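In this note's numbering, each residue's number is its place in the sequence shown (first place is 1) plus 50. Even glycine gets a Cβ: it sits at the ideal position worked out from N, Cα and C. As the structure is a computational prediction, the values presented were derived from the model and not from experiment. A short worksheet on the structure shown next.
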Amino acid sequence: MSAMSFRPRPGRKNVTLSVTSLVDVLFLLIIFFMLTGTFKRSGELELRLPDSSTATGENAAETAQQIELVATDDGTFLLQGAPVERTDLPARLVALRETDPQAQVVLKAESDVHHGTVVALLDIVRECGFPGVGIGTYVHSPLEEVK
């Protein structure tokens with residue numbers, strides 16, 4: 051008889067483990083996690099701020115009818131190139147809309163501006179009666195990334 055073969059002792063029953071119920075529980079857990087993972091919603095708004103290496107200023111005639119609103123990295127806002135406080139922004143936008151009802155707002159945000167700030171600016175512009183907001187880009191040179 052070989053050294054590794056064991057004989058069952060007399061009077062002892064062979065113990066077996068039924069894995070059928072464990073497999074059933076495992077499948078139920080997999081289904082549960084798939085369903086709860088599917089219905090989970092993220093509370094964040096994904097927003098990619100644009101930049102362009104091919105943007106040109108060829109539509110100069112259209113820029114006369116555009117109101118440029120810029121959000122900078124340091125938290126200041128520029129309306130038509132002039133600094134403006136966030137509290138004064140709605141009144142200034144309404145005044146610009148009254149002088150030119152056909153004007154469109156173009157929102158430009160620097161790359162490190164929080165998306166919450168951009169969403170707040172979009173809400174302010176819509177509340178001031180502008181039907182839509184354009185998202186502008188900065189002309190961006192690929193060589194700037196190397197620096």
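Buried versus exposed call for residue i [16 or more other C-beta atoms within 10 Å across all chains shown]
i    : result
I117 : buried
E148 : exposed
F82  : exposed
A159 : buried
V65  : exposed
L76  : exposed
L79  : exposed
F56  : exposed
L171 : buried
L85  : exposed
L119 : buried
L193 : Its pLDDT being 45, under 50, L193 is placed unreliably by the model, and the measurement read from it follows with that caveat. Exposed, because fewer than 16 other Cβ atoms sit within 10 Å of the Cβ of L193.
Reference residue i; option with closest CA among the options
i    : options                : result
H164 : D124, S68, S71         : D124
F155 : M84, L139, F83         : Looking at the sequence shown, residue 155 is not Phe but Val. If we check each option's Cα against that of V155, L139 comes out closest.
Q152 : E160, V169, E135, V183 : V183
F180 : I80, D74, L157         : L157
V175 : P60, T187, A141        : A141
Q115 : Q130, A121, V169, S55  : Q130
S161 : G186, D173, L85        : G186
Residues that residue i bridges to, as DSSP identifies them
i   : result
G61 : Answer is none; G61 lacks a bridge partner.
Beta-carbon contacts of residue i that lie in its chain and below 6 Å, excluding the five residues immediately before and after
i    : result
V144 : C178
Residues near residue i in its chain [Cβ-Cβ closer than 7 Å; skip 5 each side]
i    : result
T167 : A121
R136 : F127
Own chain partners of residue i with C-beta closer than 8 Å, once the 5 adjacent residues on each side are dropped
i    : result
V134 : F127, L128, R142
- Item | Completely contained alpha helix (DSSP H) runs for the region 112-178, where each covers 4 or more residues | For the region 112-178, whole alpha helix (DSSP H) runs of length 4 or above, ordered along the chain, are 139-149, 165-177.
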